[in-house]
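J.: Chains as they are written, first to last, in my numbering: chain V, -5 to 77; chain G, 10 to 374. Take a look at the following structure, please.
Here it is, written out as structure tokens:
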């Protein structure tokens, strides 16, 4: 799980073009939306594409997305359960 | 005759033009076939949260727009008018590449948002919370000129008092390859300083050492314009004339004379002509013809060895002209004629792109 979390941090930085953010600066339990990273709805779409492209997992609906994209850890757990 | 006063300007180019004290006293040499912009650290000019979703050309455009507004002391403008030939070409390339790789699936929204031509004007509007008239002109070598004409007409019709006008275009590695393949860019190593020397030599000694192909460049520039003169005004745009596919050299001369007549200027009143020679023998005869005929008694300066060839380079030339009129001097690095003009009240810019789009811009003190 820890390895997946670290990999996800790197992929998120790359996908969302989070300049000047290092993987170790992202707390895996911190909320992604509404937190210090300043992510918005376009970033949510980027994360959906990331999950589908890198892990072959589709988010079925908006409600599921809300639960999955809470933090890096919740995304990692979702990948772990569905891959 | 139009009057659009320049109260603030900023330019990002292959030279140190973002430094407000820079007056072309030094020209950076580029040995490659491309001249890339000297870019600043954008986070000092743009909100860091916005910057990550901006491609390179958007960053250049927003930065120069912000700086021009700041210098002019404008808090709001009545119109944002942008000219760009290639738009956000780097992001367009990224988007198309992803489209091919994913077989038209799994496309990310950011690359698409950044790939449209009017993103630059849109991002400037967002940064300044501006909901006024916002127009982007995409007409190859006449993009900046079309935007300028729109600004001049807006002032003339009383539709606006303050306008933000500018243009942006960027180079990419793919562009570089295409230009070389098409024979537009020089393949062998050349220097932009040689381009200036050869052209100057041509003017003085009618040298014929011109080659096929040129050095391509890129740049962004914005002007904060007002309908009335302010204490800090640099100069004013007096008019613009666009010629699409002229019938010949005579036609160009006739168009220039007719344009001068329309804006109440005589040939004798032109103190300096800024020409866009790019060292390519296929196109430089347009400039040489004017130097040796229509402008044989006028001061001559070149600008393209500073910025390289690109579709909206007239915007860079306008930055040069405004700086000259403000400083009342012509830098040695761009002066082609033997003597500097004794007075500097009126400057004419003549530029052409690929022999198709020809333009004349008049600027006065």
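Ideal Cβ placement from N, Cα and C applies to all residues, glycine included. Given the structure is predicted, the values throughout are model-derived calculations rather than measurements.
With 9 Å set as the bound, which would you pick, yes or no: does the beta-carbon of residue 62 (chain V) sit closer than that to a beta-carbon of chain G?
T.: With 9 Å as the cut-off, residue 62 (chain V) does not count as an interface residue toward chain G.
J.: Hey, could you find the ends of the beta strand (DSSP E) residue 246 (chain G) is sitting in?
T.: First-last of the beta strand (DSSP E) with residue 246 (chain G): 244 to 253.
J.: Residue 268 (chain G): buried (16+ other C-beta within 10 angstroms of its C-beta) or exposed?
T.: Residue 268 (chain G) should be labelled buried.
J.: Go to residue 239 (chain G), then tell me how far its beta strand (DSSP E) extends in each direction, as first and last residue.
T.: No beta strand (DSSP E) contains residue 239 (chain G), which DSSP labels as neither H nor E.
J.: Can you give the Cα-Cα distance for residue 152 (chain G) and residue 58 (chain G), rounded to whole angstroms?
T.: Cα to Cα, residue 152 (chain G) sits roughly 30 Å from residue 58 (chain G).
J.: Residues of chain V with a CB under 8 Å from the CB of residue 62 (chain G): which are they?
T.: Those are 11 and 36, listed as they occur along chain V.
J.: Which residues share a DSSP beta bridge with residue 25 (chain G)?
T.: According to DSSP, which records beta bridges pairwise, residue 25 (chain G) is partnered with nothing at all.
J.: Between residue 19 (chain G) and residue 319 (chain G), is the Cβ-Cβ spacing less than 9 Å?
T.: Their beta carbons are not under 9 Å apart, which means residue 19 (chain G) does not touch residue 319 (chain G) by this criterion.
J.: Express the C-alpha separation of residue 265 (chain G) and residue 217 (chain G) in angstroms, rounding to a whole number.
T.: Below a pLDDT of 50, predicted positions are generally treated as unreliable, and residue 217 (chain G), at 48, falls in that range; no measurement from the model is reported.
J.: Taking 9 Å as the CB-CB limit, is residue 58 (chain G) close to chain V?
T.: Yes, its Cβ sits closer than 9 Å to a Cβ of chain V.
J.: Within its chain, find whatever has a CB closer than 6 Å to the CB of residue 83 (chain G); leave out the 5 residues flanking it on each side and keep chain order.
T.: Within the same chain, residue 83 (chain G) has close Cβ partners 171 and 233.
J.: Does residue 319 (chain G) come out as helix, strand or coil in the three-state DSSP assignment?
T.: Correct three-state label for residue 319 (chain G): coil.
J.: Buried or exposed: where does residue 70 (chain V) fall if 16 or more other Cβ atoms within 10 Å of its Cβ makes it buried?
T.: It is buried - the Cβ of residue 70 (chain V) has at least 16 other Cβ atoms within 10 Å.
J.: Please state whether DSSP places residue 304 (chain G) in a helix, a strand or coil.
T.: Here residue 304 (chain G) sits in coil by DSSP.
J.: What did DSSP end up calling residue 297 (chain G) once you bin it into helix, strand or coil?
T.: Reduced to three states, the DSSP call for residue 297 (chain G) is helix.
J.: For residue 72 (chain G), return the contacting residues in chain V, with the cut-off set at a CB-CB distance below 7 Å.
T.: Chain V residues near residue 72 (chain G): none, gap ~15 Å exceeds 7 Å.
J.: May I ask you to list, following chain order, the residues of the region 110 to 129 of chain G that have a beta carbon less than 8 Å from some beta carbon of chain V?
T.: Going along the region 110 to 129 of chain G in chain order, one finds 111, 115, 116, 117, 118, 119 and 122 with a Cβ nearer than 8 Å to chain V.
J.: Where does the unbroken alpha helix (DSSP H) through residue 159 (chain G) begin, and where does it stop?
T.: Counting along the chain, the alpha helix (DSSP H) containing residue 159 (chain G) begins and ends at 152 to 165.
J.: Quick one, which residues of the region 27 to 54 of chain V are near chain G if we go by CB-CB under 7 Å, in chain order?
T.: The residues in question are 32, 36, 39, 40, 43, 46 and 47.
J.: Are the C-beta of residue 259 (chain G) and some C-beta of chain V separated by less than 9 Å?
T.: For residue 259 (chain G), the answer is no, since every Cβ of chain V falls outside 9 Å of its Cβ.
J.: Count the other CB atoms within 10 Å of the CB of residue 204 (chain G); is the residue buried (16 or more) or exposed (fewer)?
T.: Buried, since its Cβ has 16 or more Cβ neighbours within 10 Å.
J.: Strictly under 9 Å for the Cβ-Cβ distance: is residue 52 (chain G) near chain V by that measure?
T.: Interface residue, yes.
J.: Can you tell which of G:201, G:73, G:277 and G:140 has its C-alpha closest to the C-alpha of residue 45 (chain G)?
T.: Ranking the options by Cα distance to residue 45 (chain G), first place goes to G:201.
J.: Please tell me whether residue 109 (chain V) has its Cβ less than 9 Å away from any Cβ of chain G.
T.: Residue 109 (chain V) is absent from the structure shown; chain V starts at -5 and stops at 77.
J.: Can you tell me whether residue 187 (chain G) is buried or exposed? The criterion is at least 16 other CB atoms within 10 Å of its CB, across all chains shown.
T.: The residue is exposed, with fewer than 16 neighbouring Cβ atoms inside 10 Å.
J.: If we define contact as Cβ-Cβ less than 9 Å, is residue 23 (chain V) a contact residue for chain G?
T.: No, because no Cβ of chain G sits closer than 9 Å to the Cβ of residue 23 (chain V).
J.: Judging by CA-CA distance, which residue of G:286, G:364 and G:372 is the nearest neighbour of residue 280 (chain G)?
T.: Of the candidates G:286, G:364 and G:372, the one whose C-alpha sits nearest the C-alpha of residue 280 (chain G) is G:372.
J.: Under the criterion of a Cβ to heavy atom distance below 8 Å, does residue 299 (chain G) qualify as lining the ligand COA?
T.: Ligands displayed in this structure: none; no statement on the ligand COA is therefore possible.
J.: Could you please give the first and the last residue of the uninterrupted alpha helix (DSSP H) stretch that includes residue 59 (chain G)?
T.: Residue 59 (chain G) -> alpha helix (DSSP H) spans 57 to 60.
J.: Are the region 61 to 76 of chain G and the region 89 to 105 of chain G in contact at 8 Å, needing three or more beta carbon pairs?
T.: Yes, the region 61 to 76 of chain G is in contact with the region 89 to 105 of chain G.
J.: Can you list, in chain order, the residues of its chain whose CB lies under 6 Å from that of residue 278 (chain G), leaving out five sequence neighbours each side?
T.: If we look at residue 278 (chain G) and ignore the five residues flanking it on each side, its Cβ neighbours are 355.
J.: May I ask you to list the residues that DSSP assigns as paired with residue 370 (chain G)?
T.: DSSP, once it has assigned bridges, lists G:249 and G:358 as partnering residue 370 (chain G).
J.: Based on the DSSP output, what are the partners of residue 18 (chain V) in its beta bridges?
T.: In DSSP, residue 18 (chain V) forms no bridge with anything.
J.: Confirm, please, whether the CB-CB distance from residue 141 (chain G) to residue 85 (chain G) is below 9 Å.
T.: Yes; because the gap between Cβ atoms is below 9 Å, this pair is in contact.
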